[in-house]
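**Student:** I have a structure I would like to understand better, so I am pasting it below and will then ask my questions one at a time.
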Amino acid sequence: MKPYVLHGHERAITQIKYNREGDLLFSAAKDSTPNVWYTINGERLGTFDGHQGVVWSIDPNWDTTRLVTGGGDSTLRIWDIETGKELNKIDTNTSVRSCSFSYCGKMILYTTDQAMKMLPELHIIDITNGDHISGKSTVMSIKELGMSKVTSSLWGQLDESIITGHESGHIVNWELRQPKKKSKDVFVHKLQINDLQYNSDQTMFISASKDTTAKLFNTHNLEPLKTYQTERPVNSAAVSPIRDHVVLGGGQEAMEVTTTAARSGKFEARFFHTIFEEEFGRVKGHFGPIQSLAFHPDGKSFSSGGEDGYVRIQAFDSPYFDFKIEC
326 MKPYVLHGHE
336 RAITQIKYNR
346 EGDLLFSAAK
356 DSTPNVWYTI
366 NGERLGTFDG
376 HQGVVWSIDP
386 NWDTTRLVTG
396 GGDSTLRIWD
406 IETGKELNKI
416 DTNTSVRSCS
426 FSYCGKMILY
436 TTDQAMKMLP
446 ELHIIDITNG
456 DHISGKSTVM
466 SIKELGMSKV
476 TSSLWGQLDE
486 SIITGHESGH
496 IVNWELRQPK
506 KKSKDVFVHK
516 LQINDLQYNS
526 DQTMFISASK
536 DTTAKLFNTH
546 NLEPLKTYQT
556 ERPVNSAAVS
566 PIRDHVVLGG
576 GQEAMEVTTT
586 AARSGKFEAR
596 FFHTIFEEEF
606 GRVKGHFGPI
616 QSLAFHPDGK
626 SFSSGGEDGY
636 VRIQAFDSPY
646 FDFKIEC
């Protein structure tokens, strides 16, 4: 089946996210205007206008009524999804690198970059609290993250902790009840971690790194379970909700893309068996590195966002569901 190719961005995609039902796909890019799309036919539903620079992160809440975005214009913004109206804007000291709603939808986690003399920070706000929305206070703030910025983050199980991936290759678990204390800090990648994503039941998560690997972890104790090796930096990785499969995306560095053919740049989405760590398939299409990947919640399709500014929604053909790897 041919993919839907969505062209609503003029610059590189930074992150794509499905809502819980999977009928909508949200995309953020370096062109300052997040988009929302119907996944059934690839039609653009609308845009969220207001950011003045790159939008690094995007996340809808569980009932698809609110959207949070964080950008290089040093703002965190909350939107009404139905109307596209900006509801709140929180000014930050530096760029917002990652942001996401908690499982209950009442709290927002966001992290900021290091810049000038400002160190990277992690904050949690309650959107039902006026002081938090105005930026006067927070539920929790960690300003002692060190010199290594947070490049990706996840809410822990039951919203009781935070998992952060760092530029240094570390993954850290922070307990909300003891915000100053790292309950677990593991050095798992040799280079920057680009992405963290859960599996469907959040018992495991996968990391994507610039060191050419992706790794699967036990959420409870951050124990590494599996490693998926490639030849190029891995910018994003996702776990299938219905099959023992993971998909990895990345490619040659963006600054070198014009010097090689698409084939040698390794721009395909690459599929690995979760348990056996063996690659069994590739899907081509992007001219440039893949920057973000996501499986549809029903597992019957996946989406990719690339350096070329396109989002591709690819449904799986029937042979994919019949495929079994030989032991």
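When the count follows my numbering, it moves up by one through the sequence shown with no breaks and lands on 652 for the last residue. We treat Cβ as the ideally placed atom computed from N, Cα and C, and that holds for glycine.
Under the three-state reduction of DSSP, which class applies to Ser617: helix, strand or coil?
**Tutor:** Residue state, collapsed to three classes: strand.
**Student:** Could you check how far apart the C-beta atoms of Pro359 and Thr394 are, in whole angstroms? I think they sit under 8 Å.
**Tutor:** At roughly 6 Å, the Cβ-Cβ gap stays under 8 Å, so Pro359 and Thr394 are in contact.
**Student:** Extract the residue ranges of the alpha helix (DSSP H) inside the region 509-581, only unbroken runs of 4 or more that lie entirely within it.
**Tutor:** Listed in chain order, there is nothing to give.
**Student:** On the three-state DSSP scale, how would you describe Glu483?
**Tutor:** Note on identity: in this sequence residue 483 is Leu, with Glu being the wrong assignment. If DSSP states are grouped into helix, strand and coil, Leu483 belongs with the helices.
**Student:** Can you give, in chain order, each stretch of the alpha helix (DSSP H) that sits fully within the region 397-484 and has at least 4 residues?
**Tutor:** Listed in chain order, the complete alpha helix (DSSP H) runs (minimum 4 residues) inside the region 397-484 are 455-458.
**Student:** Helix, strand or coil: which one does DSSP assign to Tyr635?
**Tutor:** Looking at Tyr635 - three-state DSSP - the assignment turns out to be coil, as it is neither helix nor strand.
**Student:** Phe627 bridges to which residues according to DSSP?
**Tutor:** Phe620 and Gln639, per the DSSP bridge assignment.
**Student:** If you drop the 5 nearest sequence neighbours on each side, which residues of the same chain put their C-beta closer than 6 Å to that of Asn418?
**Tutor:** Within the same chain, Asn418 has close Cβ partners Met443.
**Student:** Checking 9 Å against the spacing of the C-beta atoms, do Glu492 and Lys474 come in under that value?
**Tutor:** Yes. Within cutoff.
**Student:** Which whole-angstrom value is the C-beta distance of Gln517 and Thr476, which I expect to be below 8 Å?
**Tutor:** Correct: roughly 6 Å between the Cβ atoms.
**Student:** For the region 346-360 against the region 379-389, do three or more pairs of beta-carbon atoms, one drawn from each stretch, fall closer than 8 Å, so that the two count as touching?
**Tutor:** They touch, by the three-pair rule.
**Student:** If we count Cβ pairs, one from each stretch, closer than 8 Å, do we get three or more for the region 423-437 versus the region 449-456?
**Tutor:** Yes, since at least three Cβ pairs between the region 423-437 and the region 449-456 fall closer than 8 Å, the two stretches touch.
**Student:** Compute the Euclidean distance between the alpha carbons of Ile458 and Ser399, then round it to the nearest angstrom.
**Tutor:** Cα to Cα, the separation comes out at about 15 Å.
**Student:** Determine the contact status of Ser628 and Ile341, defining contact as a CB-CB distance below 9 Å.
**Tutor:** Going by C-beta atoms, Ser628 is nearer than 9 Å to Ile341.
**Student:** Report whether the distance from the Cβ of Thr436 to the nearest heavy atom of the ligand GDP is below 8 Å.
**Tutor:** The model depicted lacks the ligand GDP and carries no ligand whatsoever.
**Student:** What is the residue span of the beta strand (DSSP E) that Ser352 lies within?
**Tutor:** First-last of the beta strand (DSSP E) with Ser352: Leu349 to Ala354.
**Student:** Spatial neighbours of Asn344 within its chain, please: CB distance less than 6 Å, with the 5 preceding and 5 following residues excluded, ordered by chain position.
**Tutor:** The residues are Pro385 and Thr389.
**Student:** Of the choices Val361, Ala337 and Ile338, whose alpha-carbon is the least far from that of Asp348?
**Tutor:** For Asp348, the nearest C-alpha among the options comes from Val361.
**Student:** Report all residues from its chain with a CB closer than 7 Å to the CB of Ala587; omit the five preceding and five following residues, and keep chain order.
**Tutor:** For Ala587, the predicted model reports a pLDDT of 45, less than 50, meaning its position is unreliable and no value from the coordinates is stated.
**Student:** Closest to Gly397 by C-alpha separation, out of Lys551, Asp405, Val421 and Lys410, would be which residue?
**Tutor:** It is Val421.
**Student:** Going by C-alpha distance, which of Ile531, Leu550, Asp536 and Glu556 is nearest Val572?
**Tutor:** The shortest C-alpha separation from Val572 is found at Ile531.
**Student:** Once you ignore the five residues that flank Thr544 on each side, which residues in its own chain have a CB closer than 8 Å to its CB?
**Tutor:** So the list reads Gly481, Gln482, Ile488, Tyr523, Gln527, Thr528, Met529 and Phe530, once near-sequence residues are dropped.
**Student:** Tell me the rounded alpha-carbon separation between Arg557 and Cys424.
**Tutor:** Cα to Cα, the separation comes out at about 27 Å.
**Student:** Can you tell me which of the three DSSP states Phe646 falls into?
**Tutor:** Three-state DSSP puts Phe646 in a helix.
**Student:** Please return the same chain residues whose Cβ sits closer than 6 Å to the Cβ of Asp551, not counting the five positions on each side in sequence.
**Tutor:** The identity of residue 551 in the sequence shown is Lys, whereas the question assumes Asp. Result list for Lys551: Leu541 and Glu602, in chain order.
**Student:** Using only the alpha-carbon positions, how far apart do Thr463 and Phe426 sit?
**Tutor:** If I take the Cα positions, the gap works out to 14 Å.
**Student:** Would you mind sorting Val330 into buried or exposed? The rule is 16 or more other CB atoms within 10 Å of its CB.
**Tutor:** Classification of Val330: exposed, given that the 10 Å Cβ count is below 16.
**Student:** If you follow the beta strand (DSSP E) that Arg595 is part of, which residue opens it and which one closes it?
**Tutor:** Run containing Arg595: Ala594 to His598, per the beta strand (DSSP E) assignment.
**Student:** The beta strand (DSSP E) that contains Ser382, what's its start and end?
**Tutor:** That run of the beta strand (DSSP E) goes Val380 to Pro385.
**Student:** Expressed to the nearest angstrom, what Euclidean distance is found between the alpha-carbon atoms of Asp642 and Thr364?
**Tutor:** Asp642 and Thr364: Cα-Cα distance of roughly 17 Å.
**Student:** With a CB to CB cut of under 6 Å and the five nearest residues on each side skipped, what residues in its chain are close to Phe597?
**Tutor:** So the qualifying residues of the chain are Tyr553, Val571 and Glu604.
**Student:** Kindly indicate which three-state DSSP category Arg502 falls into: helix, strand or coil?
**Tutor:** Three-state DSSP puts Arg502 in coil, outside helix and strand.
**Student:** State the start and end residues of the unbroken beta strand (DSSP E) segment that holds Gly494.
**Tutor:** Per DSSP, Gly494 belongs to no beta strand (DSSP E) and is neither H nor E.
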